[in-house]
Amino acid sequence: MASATEADHARISMEHTAVVQLADAAEAPQIKEDGLDQRLAALPHDRTTDQVVAAMYPADPAAQREVLNHLGGGVQTRGFWGSAWKYTKCVAAVGAAFIPATKAYKAIKGLGGVAEAAKLMIKAGSAAEFKKAAGNAALNILGISAIQNNCF
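The opening position of the sequence shown corresponds to residue 1019 in the numbering used here, with each subsequent residue numbered one higher.
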C-alpha cells in the first residue's frame, strides 16, 4: 500500500501531466526560455505586465498579444485563466518578481531561474508542497501574492 506522501506525489504528477496536456491542447504560446532570466533581469524595477510578456516572447508580437488578451487586467487575478495557461501565468508572475538585488531574485536564481522555479511550483501543486521541495528558497518567493495566486 502506498504511503500518503507517495499518493500525494502521484497526484501531483498526474495534475502536472494534465496541465501540460491542456496547455498543448489550448495551444498556449511557447515561452522562449533561453535567455529569459537575462531579459527579465534587464527590465526596470517598476516593470509592467506588457514588459514581462515581451520578455517572455521576444520578437513575437502575435504571442504577446495573445497572452496579454488572456491576462486581461494582469496576472494577479486568481482563477482568471483555466489550467491550460497555468505555466504561462506562473512564469509571468515569477518574472514580475525577478528583480535583481531582491531576496526573491536570489531565491529564483537558486531554483534554476524563472522557468524552472515556475515548473517546480506547478509540479508541487500547493504552497505547502513547494516549501517541502524548495526549502528556505520558498520562503522568499511565497510571500508574493501574484505567485501565490497564479502558480498554485
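Glycine included, C-beta positions come from ideal geometry on N, C-alpha and C. As the structure is a computational prediction, the values presented were derived from the model and not from experiment.
Cα-Cα separation between residue i and residue j, rounded to whole angstroms
i     : j     : result
N1087 : A1073 : 16 Å
G1097 : N1167 : With a pLDDT of 41 at G1097, under the threshold of 50, the predicted position of this residue should be treated as unreliable, though the coordinate-derived value follows. Cα-Cα distance, rounded: 8 Å.
A1135 : P1079 : 25 Å
H1063 : C1108 : 19 Å
A1156 : R1083 : 31 Å
Y1075 : K1104 : 16 Å
K1124 : N1158 : 9 Å
A1110 : L1089 : 10 Å
N1154 : A1077 : 36 Å
L1129 : T1106 : 18 Å
I1049 : K1137 : 12 Å
A1151 : M1139 : 9 Å
I1126 : D1068 : 21 Å
R1057 : G1143 : 27 Å
A1041 : V1112 : Bear in mind that the predicted position of A1041 carries a pLDDT of just 45, short of 50, making it too unreliable to give a figure here.
L1061 : V1085 : 18 Å
E1045 : G1053 : 22 Å
Chain-order list of residues whose beta-carbon lies under 6 Å from that of residue i (same chain, five-residue window excluded)
i     : result
A1145 : L1160, F1170
D1055 : G1131, V1132
Sequence-distant residues of the same chain with beta carbon closer than 7 Å to residue i, five excluded per side
i     : result
A1114 : R1065, V1070, V1093, A1164
E1051 : A1133
A1081 : P1047, Y1075
Rounded distance between the beta-carbons of residue j and residue i, thought under 8 Å
i     : j     : result
M1059 : F1116 : According to the sequence displayed, residue 1059 carries Ala and not Met. So it is a contact: roughly 6 Å between Cβ atoms.
M1162 : A1122 : Residue 1162 is actually Ile in this sequence, not Met. Confirmed, Cβ separation roughly 6 Å.
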